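Take a look at the structure below.
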Amino acid sequence: MSYYDLHYNLRPCFLHMGHFPEDSRIDVEKLYNLWIADGIVSSTQDQIGKERSLEDIADDYMNQLVQKGMIQVNRKVSDGRISSCSLHDLMRDYCLEMTREENFLQIMYIDEQQNASADALTDKARRVTMYVGKEDGQSVLKSLSGKFSSLRSLMFISTSTEQDEDEDSCEWIRTLCRRFKLLRVLDFEGRVVLKGTFPSEVGNLIYLRYLCLKGTRITELPSSIRKLKSLLLLDLRVSRVIIKLPNVLSEISLCWLYFPVRILSQEYDNTQGYEIEDGSQLILNKLSHLERVSEVDLDKVDVKSLLERTSMRNLSATCRQKKESLVPFLKSSTIKHLSLKIDAGLLTGNSEMLLSKSSSLRILHIDAGSWPVTQLTIRVDMFPCNLVELGFWYCKLSEDPMPVLEKLPNLRNLQLHICYGGVEMNCSDTSFPELTYLELDGLFFLNFRNVKMGGFPKLLEMAIYNCPLQKIPDALHPGINILCSSILDPLANEYRLRGKASEEVQIPNLNTASEEDQMPKLCEFPLLVLAIIPFVMLSFYFCRSKKH
């Protein structure tokens, strides 16, 4: 398939793949953000007059590119959507060739000597992607000095995780915002060097459609962001900081809004997230085109203002305290995809039944990290039949969860983390008909000789972390990718077992691993270590519970 054989809508979609490094797995959601900001994807109506969401249209474009062989699929999420993709080496070369021919994109590299290099450098480029390592902002400004008067898109890709941190690392952004006032895309993802208050000069970028601060250390967003009336996508997923937000987001025409990922466990609650500048609840009542909200904290948002958004189709939320905040979203008929991260302490009374009656709940993560929960009993009628992903963290499940969870007909992703203290685990021969991914972590008492895993006809990948693993269950069919990793085994951190039948699988030996062994011989973990670890973890948990 040639570039010129593509429909005119698909051509710029393909060229946007040129932003990303060679052999990289491209986040499809990131790609969609670029498409939307560039105006390639916009809301339309179908044949019966019903308005289609931006995500649905972008999915159509992505599927067409895959069907035409232009893009390779790397991974799909639980609901079947493509989550990451890539380009074959030859296809990437072709893509870069077409970006140069169409004058679509300029790739720049800044080396450690702060010298900028680029192929066929031209001042007429409207889109620039800069590959930067440890360099500071001044070297970036120097590279852009006197060039790119028509610049519309500026994207940074970090080539090093070790970056110099200036005392005033955002100062150069002030100059950037003054110099390039026509920018529509400004993407700082991964630039951990960015910290402190984001400059108020961002208000000068009145044409900006996409602002990404993902992975940065920005701690405050200025109120001048209210001037960005054209902003469609705002990514606030900062890393390891609390970002202070002005209560002005409802004054922007946002379609997609990403909040920082919140960790429910109390020990980490104050290390990452967001807070509202005036201490009030966040108001989002004027966002008439809001379609997607990610990682919103229902304890910090005005729920009524969020419910008024009839255009919202995709909601990802966390809730630790206010059980009543969950009810309207579970009953909502407009939300098509609901993802919840809740505290196990909320699963009392009628809230259990509310979960089961939700028609939109697709992903559910339950965490007891901040409640003194002594026991959690689960039943199959607690969960909706359309649930595709389920995870438990520190929940102290009273019984083997498998006989209950195996009855969920559409479950594709199951994660169990330090939540079960039993020694046995049993699955019937008809269990988990749709499950493709299983993750077991910190099940310290589990004896895999007592694990019976029938069923799993579609299982593709299994991850086993920090478990006393002596053997892989015999019933698992050949061809499953199995990832084994343990804090008990520093010499053999990760072993990926591909396409081996269960009787051929050998588990890493703590003591006898050698460079000559392709896979160390089977052995038992030291019993003393296995005896100590669970008691250390449980005593830590009980000590934390006493604080409450």
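Take 1 as the starting number for the sequence shown in full-length UniProt numbering and just add one per residue. Each residue gets a CB set at the ideal place from its N, CA and C atoms; glycine is no exception. Predicted model, so just to flag it, every value in this text is computed and none were measured.
Residues near residue i by beta carbon distance below 7 Å, same chain, minus five either side
i    : result
V327 : L354
D278 : N247
N410 : C385, N386, L387, V388 and E434
S360 : S332, I335, K336, H337 and L338
N74  : R25, S84, C85 and S86
E201 : R174, C177 and R178
S356 : D381, M382, F383 and P384
E102 : L15
Whole-angstrom distance between residue j and residue i, CA atom to CA atom
i    : j    : result
L89  : Q72  : The sequence shown places Asp at residue 89, rather than the Leu named in the question. Rounded to the nearest angstrom, the two C-alpha atoms are 11 Å apart.
L228 : G203 : 6 Å
M462 : Y437 : 6 Å
D23  : R92  : 9 Å
L183 : E324 : 42 Å
M453 : T430 : 10 Å
K30  : E291 : 16 Å
C484 : L446 : 15 Å
L340 : F329 : 10 Å
G345 : A368 : 7 Å
W35  : L208 : 14 Å
H289 : R52  : 12 Å
H7   : I243 : 42 Å
F444 : V451 : 13 Å
R126 : G422 : 60 Å
D297 : A317 : 6 Å
L15  : T99  : 6 Å
W256 : P468 : 43 Å
Y94  : Y3   : 9 Å
R152 : R320 : 41 Å
Y258 : C212 : 9 Å
Selection from the options that minimises the alpha carbon distance to residue i
i    : options                   : result
L254 : Q281, S200, S311 and I243 : S311
S239 : I225, R262, S153 and P222 : R262
K124 : R309, Q106 and M130       : Q106
V66  : E51, S84, S53 and L54     : S84
G39  : C395, N447, F432 and A58  : A58
P403 : C427, F14 and C395        : C427
E295 : L236, S356 and M17        : L236
F383 : L408, D400, L186 and L315 : L408
R25  : L10, V293 and I82         : I82
I378 : P401, S358 and E102       : P401
H19  : D56, L154 and S143        : L154
I222 : C212, V241, K396 and T197 : It is Pro, not Ile, that sits at residue 222 in the sequence shown. Out of C212, V241, K396 and T197, T197 has the C-alpha closest to the C-alpha of P222.
D381 : Q415, R178, R309 and S358 : S358
E97  : L186, M17 and Y131        : M17
E220 : Y210, N103 and C170       : C170
Close Cβ partners of residue i (< 6 Å) along its chain, the five nearest in sequence each way excluded
i    : result
E389 : S78, I363 and N413
T216 : F188, R191, L194 and V238
I173 : P199
L284 : S250, S305 and L306
I418 : Y394 and G442
G137 : W172
Q415 : G391 and E439
Exposure label - residue i; buried when at least 16 CB within 10 Å
i    : result
K214 : buried
S149 : exposed
I206 : exposed
S333 : exposed
M425 : buried
D5   : exposed
M1   : exposed
P457 : exposed
K181 : exposed
G69  : exposed
E406 : buried
S42  : exposed
T271 : exposed
C13  : buried
Residue i: CB within 6 Å of a non-hydrogen atom of the ligand FMN
i    : result
L476 : Ligands displayed in this structure: none; no statement on the ligand FMN is therefore possible.
Same chain, Cβ closer than 8 Å to residue i, five either side skipped, listed in chain order
i    : result
I252 : I225, R226, L228, K229, L231, L234 and L287
N9   : I40 and Y61
N63  : I82
K300 : Y274, E275, I276, Q281 and L282
K76  : I82 and S83
I55  : It is worth fixing the name first, because residue 55 is Glu in this sequence and not Ile. Contacts found: Y32, E291, R292, R313 and N314.
Closer than 7 Å to chain B by CB, residue i
i    : result
N285 : Looking for chain B here will not work: only one protein chain is present.
Sequence ranges, alpha helix (DSSP H) only - wholly within the segment 280 to 348, length at least 4: 303 to 307 and 326 to 331
Within the segment 234 to 261, ranges of the beta strand (DSSP E) (whole runs, at least 3 residues): 242 to 245 and 256 to 258
Any beta strand (DSSP E) of 3 or more consecutive residues that is wholly inside the segment 365 to 423: 389 to 393 and 413 to 417
Segments assigned beta strand (DSSP E), at least 3 residues, entirely inside the UniProt domain "Disease resistance protein winged helix" (20 to 93): 72 to 76 and 82 to 86
Length-filtered (3 minimum) beta strand (DSSP E) runs lying within the segment 419 to 463: 425 to 427, 437 to 441 and 451 to 453
Minimum length 3: unbroken beta strand (DSSP E) runs contained in the segment 186 to 236: 195 to 197, 210 to 212, 217 to 220 and 233 to 235
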